[in-house]
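Asks: Pasting a structure below so you can have a look.
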Amino acid sequence: MIVVFEKSDNDDGGNVMGWNSDIGLVFTWNTPYPLLAVAQEPPKRLAKIVNQDTQVNKNAFDNKYNHNAQPLPSYSLNLVAQLDEQREIDHCIRSQNENLRILLQEQRKKHMAELVKKMELNALQLLRQKDEEIVQATQKTTELKEFLRRLEIEKESWRKVAEENEAMVLCLHNNIEQMKERAVYGMTSEDAESCCDDNMRITAMGEGTGEKRVWRGGVGEVEQIGKMTMDCKCCNSQKSCFMFLPCRHLCSCKTCEPFLQVCPVCSTPKKSSIETLIV
């Protein structure tokens, strides 16, 4: 059985390839006319042409194993040449495929290297930014610690000042109470003594000042030598309401206090003053 499966596109004729199932051989033959013309021949003539070519191909196949046979016909040589050409084409295609594969692999490696390098640069830049942020955070923490330490010192100093002021207020309160008691006691003693003896001298110690108050009794008169310690030691006309520090003498009124730089009692330089509320 013969199967025709290809023909050339030449209108004047061409090589027709077929498959002989009886001998398992692919063969070609030259036709002086197109395949369409062959198909249009009468069946008997077409069968004769095909049988002739089949016989020739069978003889060529037998001569392949017969050393004394005649040389292969031209169509067999054409088949061998076509097979060689096909092998060369396949080899060229394989070579091109291999070169293309190598080129693509190199490009992929190059692209991966560039990508890795870019990622490394981005990572280094990010690390530098994080390092700068860590340094800034460390500096900020140090500044906050220093500020907290100063606040602790300031708080301690204010606590000491508050304790000193509290102690000073308590001392002032005690001094005022003592001064009130002594003033009342001195006036009571003066009245009692003046009624008994006209020539008696009554002496009372000043409150917190160390000065003496002397009253001389006479018939129906009392001469006052000094004034009470509650009076201003500067003008002797108003009540003392300012205490000088550090000596703690209650010795100035509100009018005289801004003009005094030293204590009028002990002459100690004034560092500050506190206004007292005496009821």
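Per the working numbering, the very first residue in the sequence shown carries number 544; after that it's consecutive. Just so you know, even glycine gets a beta-carbon here, dropped at the ideal spot from N, CA and C.
Among residues of its own chain, excluding the 5 on either side of Lys814, which ones have a beta-carbon nearer than 7 angstroms to its beta-carbon?
Replies: Counting only Cβ-Cβ distances below 7 angstroms, and skipping sequence neighbours, we find Leu788 and Pro789.
Asks: With a 10 Å radius around its C-beta and 16 neighbouring C-beta atoms as the bar for buried, classify His716 as buried or exposed.
Replies: The residue is exposed, with fewer than 16 neighbouring Cβ atoms inside 10 Å.
Asks: Suppose the cutoff is 6 angstroms on Cβ atoms and the five residues either side in sequence are ignored; what does the same chain contact list for Leu803 look like?
Replies: The answer, listed in chain order, is Ser795.
Asks: Just to confirm before moving on: does the CB-CB distance between Ser783 and Cys777 stay below 7 angstroms?
Replies: No.
Asks: Name the residue from Thr819, Arg791, Glu818 and Leu820 whose alpha carbon lies nearest to the alpha carbon of Pro807.
Replies: Nearest option by C-alpha distance: Arg791.
Asks: I need the DSSP call for Val808, collapsed to helix, strand or coil.
Replies: Val808 falls in the coil class under three-state DSSP.
Asks: How far does the beta strand (DSSP E) with Met786 in it extend, from its first residue to its last?
Replies: Taken as a continuous stretch (DSSP letters only), the beta strand (DSSP E) holding Met786 covers Phe785 to Leu788.
Asks: Could you please give the first and the last residue of the uninterrupted beta strand (DSSP E) stretch that includes Ser816?
Replies: Ser815 to Glu818 is the span of the beta strand (DSSP E), which, as asked, contains Ser816.
Asks: Which residues in the same chain have their Cβ closer than 8 angstroms to the Cβ of Leu667, if we skip the five residues on either side of it in sequence?
Replies: Same-chain partners within the cutoff: there are none.
Asks: Buried or exposed, going by whether 16 or more other CB atoms sit within 10 Å of the CB of Glu800?
Replies: It is buried - the Cβ of Glu800 has at least 16 other Cβ atoms within 10 Å.
Asks: For Leu643, which residues of its own chain have a beta-carbon under 8 angstroms away from its beta-carbon, when the five flanking residues on both sides are left out?
Replies: Cβ neighbours of Leu643 beyond the five flanking positions: none.
Asks: Hey, how far is the Cα of Trp701 from the Cα of Thr798?
Replies: Rounded to whole angstroms, Trp701 to Thr798 spans 30 angstroms at the Cα level.
Asks: What is the residue span of the beta strand (DSSP E) that Cys794 lies within?
Replies: Element bounds for Cys794: His792 to Ser795.
Asks: What is the DSSP secondary structure of Lys653, reduced to helix, strand or coil?
Replies: Helix.
Asks: Quick test of your reading: Thr819 and Met786, contact by CB under 8 angstroms. State the CB separation rounded to the nearest angstrom.
Replies: Between Met786 and Thr819 the Cβ distance is about 6 angstroms, and since that is below 8 angstroms, they are a contact.
Asks: Taking just the CA atoms, how far does Gln629 sit from Ser619?
Replies: Their backbone Cα atoms lie some 15 angstroms apart in a straight line.
Asks: Would you tell me roughly how many angstroms separate the C-alpha atoms of Glu697 and Val712, rounded to the nearest one?
Replies: Rounded to whole angstroms, Glu697 to Val712 spans 22 angstroms at the Cα level.
Asks: Asp774 bridges to which residues according to DSSP?
Replies: According to DSSP, Asp774 bridges with Lys782.
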